[in-house]
Every structure is written in C-alpha cells, then in structure tokens.
Amino acid sequence: MNTQHQLTQSLTFLHLNENTRKVVFILCVILCLTPFISPAIALLLGLAVAQLSGHPYLHLNHKATHLLLQVSVVGLGFGMNVHSAMQAGKEGVLFTIASIASTLVFGFLIGKWLKIEKKTSYLISNGTAICGGSAIAAISPVIKAEEKQISVALGCVFILNSVALFVFPIVGHYFNLSQTQFGLWCAIAIHDTSSVVGAASKYGAHALEVATTVKLARALWIVPIAFLSTFLFKNNSKKVAIPYFIGLFILAMIANTYLPVVKLISPYMVMIAKAGLTLTLFLIGAGLSRQVLASVGFKPLLQGVVLWILISVSALYAILHLA
Numbered sequence: 001m002n003t004q005h006q007l008t009q010s011l012t013f014l015h016l017n018e019n020t021r022k023v024v025f026i027l028c029v030i031l032c033l034t035p036f037i038s039p040a041i042a043l044l045l046g047l048a049v050a051q052l053s054g055h056p057y058l059h060l061n062h063k064a065t066h067l068l069l070q071v072s073v074v075g076l077g078f079g080m081n082v083h084s085a086m087q088a089g090k091e092g093v094l095f096t097i098a099s100i101a102s103t104l105v106f107g108f109l110i111g112k113w114l115k116i117e118k119k120t121s122y123l124i125s126n127g128t129a130i131c132g133g134s135a136i137a138a139i140s141p142v143i144k145a146e147e148k149q150i151s152v153a154l155g156c157v158f159i160l161n162s163v164a165l166f167v168f169p170i171v172g173h174y175f176n177l178s179q180t181q182f183g184l185w186c187a188i189a190i191h192d193t194s195s196v197v198g199a200a201s202k203y204g205a206h207a208l209e210v211a212t213t214v215k216l217a218r219a220l221w222i223v224p225i226a227f228l229s230t231f232l233f234k235n236n237s238k239k240v241a242i243p244y245f246i247g248l249f250i251l252a253m254i255a256n257t258y259l260p261v262v263k264l265i266s267p268y269m270v271m272i273a274k275a276g277l278t279l280t281l282f283l284i285g286a287g288l289s290r291q292v293l294a295s296v297g298f299k300p301l302l303q304g305v306v307l308w309i310l311i312s313v314s315a316l317y318a319i320l321h322l323a
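The letter at position 176 of the sequence shown is residue 176 when you use UniProt numbering, and the numbering goes up by one with no holes.
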C-alpha cells in the first residue's frame, strides 16, 4: 500500500482498498452522466465520496474540472441566442463593474482587519469578485502565490460555492425573483461558473442564459485585474492565463443564432454540456476532502463568508430596488 493511499484511508470513514475505491468512483461518474442526477445532488454525491471513500484520482482533479467546465460552457453556447445574450450583458455590465470594485476593496479591508496573509486574502477577494477558481488559478502565478495560499483560497471558494448551489434558488423563490433577476444575481454573487450554472439551471432556462452570459462577461475581468496585480505585488512577469474558451462560447452562440444546420444539433450539444457540468460539480465535491476543509482555517473562511454575504445582500438589494 503506497503512502498516498494510506493517507487517503486515514482521512476517510470507509477504509476501502484502492480498487474498490476506483470502482465506487467510476460508478458515481457514470451515474452523474445520466439525467437522474441534478447538479445539486451531484455535488452532494461528490462530498459524500470525499468523506466516505476518498477520491482515487485526486492528483488529476483540478485539471479535469478546469477542462470539463470550459468544454461544457462552450456547449451551453449552442443553446443561446446572440440578441438575448447581448441584452443580458447590457443589463449586467454596471452591476459587474460596481460589484467587482467594491468586493476587491472590502476584501482588502477585511483581510487587513483579520490580519490574514496578504496573498491569501487577495486570492479570496479575487475569487469572490470575478469567477472563483478560474480567477484564483489565473492570478496566483502572477502574484507568485505559494501552493498553500492557493489551496486555502480554492478551498474557501469551493465550500461557499457548495452552499450557494442550494441556498440561492430558495432565496430566489422566497423573494419571487424573475428569471432575469435571478440569473443576474447568480452571476454577480456566486463565485464559480459551475455553481452559477447549476443554480440558474434549477431556476429556469432564461435564468441560465442570463447567468451564463453575465458570468462569462465578468470572467473577462481576469485579464485587467491580473495585469494590475503585477504592479500591486511588484512582479515583472506578464504571464496571464486569458480565458480563451469564452471566445468559443460566443462562436457557439453565433452559430446557433444564424446557422440553421447548427440548430438541428444544438439540443444534443446542450444536453451533453449540462451532463458535463453536473459531472464537474461531482468532481468539485469529491475534491473537498476533510484535509482540504481543515486546511482552509477559520480566518480565511471568515473573510470569504463575510465578503460573500456583503456582495450577495447588496447585489440582491440592487436588483430588487434599483434595476
């Protein structure tokens, strides 16, 4: 038994051998690709696997979720119309600018107040402000963040994403939000694109369209924020991970809007994309082991929670009273 497997067994409730763990994991993956499992259930299933038997392919998890999310988002583009997406983007642009700026400022102040290590605090703030794990992954090399700092920020963001996936639809129905309002709120206040899509798809088709469009427009802010980060942290490196998949998402929307032949296959592309996003949420849940949860620590998690509540409440108020 290798050291990694021994460590995994010590951190899970069921002490299964490696082959059994792999079989359980693969069966769960297959189940998540069926129409019987919703995004929320997939996330819960992943969390259960992480705690009970462990993720047998944990070293591949980050790359797999990153690639699967991008491919799935491009697939969703085949179910959207350029004109309605542009309208959604116009409605969300002012909220996007205001929320990103205010989140970064409040994140800095809360981090200073709680005396959290500077780079960890900065990554949590950017993950909350822009697009969760994607923003953290893009900005961490620019500020030369260490593995521990990245892990803490990612853990914090993914924990809160998990909560948002269940809480947001409940709150949306309580306040009787329209499809447009809920989609806009999701895109602003939920960190990661996967959870934004998961929550919005539960609410309705138009909510999903608004949420995806506004969230991807928001993700483009990775680029200017990353360049700003090079000056804030005095890093001469100009290497920035630009989210090129957003361009493919736009091309998919254009093709679906203007090419009749594409419309014939669009429903199948969207169905595959939704299955991919459900699997993405399962993998994210499966990556939240007890070790990851414990490594976050109280103060960074408190910063993430306070910042998330601030942006969620203020965005909801603005959507209800100002939009």
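Glycine included, C-beta positions come from ideal geometry on N, C-alpha and C.
Computed from a prediction, not measured in an experiment: that's the story for all the values here.
Candidates the options: closest to residue i by CA position
i: residue 336; options: L320, V196, A135; result: What is shown of the chain runs 1 to 323, which leaves residue 336 out entirely.
i: W185; options: Y317, I26, V29; result: Y317
i: V313; options: V171, H59, G155; result: V171
i: A315; options: P39, F168, T120; result: F168
i: I159; options: R218, T34, A294; result: A294
i: G276; options: V73, I311, L27, L16; result: V73
i: I319; options: T96, H83, A64, L33; result: T96
i: K112; options: L302, I311, H321; result: L302
i: L60; options: L310, I284, Q291; result: I284
i: A255; options: N81, L67, K299; result: N81
i: S121; options: Q149, G132, S99; result: Q149
i: Q291; options: P260, A207, G304, G155; result: G155
i: K234; options: K144, L279, L220, L208; result: K144
Sub-7 Å separation of residue i and residue j beta-carbons
i: S229; j: G79; result: no
i: F282; j: L52; result: no
i: L123; j: A153; result: yes
i: I188; j: I130; result: no
i: A48; j: V142; result: no
i: L232; j: G198; result: no
i: G77; j: F245; result: no
i: Q179; j: G204; result: yes
i: S289; j: A50; result: yes
i: M269; j: G75; result: yes
Extent of the continuous alpha helix (DSSP H) to which residue i belongs
i: A135; result: 133–139
i: H62; result: 58–76
Environment of residue i [buried if 16+ CB atoms lie within 10 Å]
i: T8; result: Below a pLDDT of 50, predicted positions are generally treated as unreliable, and T8, at 48, falls in that range; no measurement from the model is reported.
i: T193; result: buried
i: F36; result: exposed
i: W308; result: buried
i: K115; result: exposed
i: L94; result: exposed
i: V210; result: buried
i: T212; result: buried
i: I311; result: buried
i: N126; result: buried
i: P300; result: buried
Nearest-angstrom Cβ-Cβ length linking residue i and residue j, presumed shorter than 8 Å
i: G287; j: H55; result: 6 Å
i: N161; j: I136; result: Rounded, the Cβ-Cβ distance is 12 Å, inconsistent with contact.
i: K274; j: S201; result: 7 Å
Chain B within 7 Å of residue i, Cβ atoms only
i: T128; result: Here there is only one protein chain, and chain B is not present.
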